[in-house]
């Protein structure tokens, strides 16, 4: 059982309950991006099992005719076992999802996995154009090159700031440098990209920048935000007619994810404290 304090950030432990949450998102004018919690498997069996779960998940999404997609972590489906295991499982999930007309996002993890992740998405996109997307992290110094490479690939890009503690040799250390890079990459995407843009941020100034760029270039885009974080803003943006998709985690590996969310933002920690003391 997920305690109420954590249920703000995690939809549940079952597929049915999670898809009920996606249905609620749909009622509020938002889509849902469903992520099965789990990562950094070093044995093939659990990686294959989670890939099987994703195949069942996309079928359930389609059966319920929900506005939803899935998002997969490379280390969850085998990248730590071997690149070929990850690639095979990712292709398997996308094959099933394509048959069900469900979009598949691939999350990005630390910088050592970037090449393998982008390679897999690029290859899969050739077989299933516009059926896949990949998260790209603005804090990495290589990101400009990655975006230029992806501009001609029939895959969407979710631009995020990046949450991994990377060495300064490959990533920007200062918050202001990451913000500057994020804005520069947004400008490139809206100017040059027509494969699909997702603005993955809770930074309202970045969302305002994206909206301004959309007005300038008329490039379609969507906004992606986490379940439990600035949900009022999510609903407000959806009510204004912007495409908003909420990232919806579920599964029994919820505790690590919950504490990560609490550490990330002061507002999340205050929410948890109020819940504990009953305020």
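Residue numbers (this note's numbering): 1 to 279. Note that the Cβ used here is the ideal one computed from N, Cα and C, for glycine as well. Values in this document were obtained by computation on a predicted structure and should not be read as measured data.
Residues near residue i by beta carbon distance below 8 Å, same chain, minus five either side
i: residue 170; result: 111, 140, 141 and 142
i: residue 216; result: 190
Minimum C-alpha distance to residue i - residue among the options
i: residue 198; options: 247, 176 and 163; result: 247
i: residue 130; options: 103, 115, 117 and 108; result: 103
i: residue 207; options: 196, 225 and 127; result: 225
i: residue 240; options: 211, 227, 81 and 251; result: 211
i: residue 150; options: 165, 39 and 121; result: 121
i: residue 95; options: 80, 125, 76 and 77; result: 125
i: residue 135; options: 236, 223, 6 and 29; result: 223
i: residue 280; options: 165, 48 and 22; result: Nothing can be reported for residue 280: it is not among the residues displayed for the chain, which extend from 1 to 279.
i: residue 137; options: 165, 24, 154 and 123; result: 165
Per-residue DSSP class, three states only, for residue i
i: residue 179; result: helix
i: residue 58; result: helix
i: residue 16; result: helix
i: residue 158; result: strand
i: residue 85; result: helix
i: residue 69; result: strand
i: residue 147; result: helix
i: residue 249; result: strand
i: residue 234; result: helix
i: residue 211; result: helix
i: residue 222; result: strand
Under 8 Å between C-beta atoms of residue i and residue j
i: residue 58; j: residue 70; result: yes
i: residue 50; j: residue 36; result: yes
i: residue 245; j: residue 33; result: yes
i: residue 74; j: residue 109; result: yes
i: residue 98; j: residue 128; result: yes
i: residue 105; j: residue 158; result: yes
Exposure of residue i, with buried meaning 16 or more beta-carbon neighbours within 10 Å
i: residue 146; result: buried
i: residue 14; result: exposed
i: residue 107; result: buried
i: residue 185; result: buried
i: residue 255; result: exposed
i: residue 163; result: exposed
i: residue 213; result: buried
i: residue 17; result: exposed
i: residue 80; result: buried
Own chain, CB closer than 6 Å to residue i, minus 5 neighbours either side, in chain order
i: residue 202; result: 225, 229 and 230
i: residue 192; result: 151
Cβ-based neighbour list, residue i, same chain, cut-off 7 Å, excluding 5 preceding and 5 following
i: residue 252; result: 13
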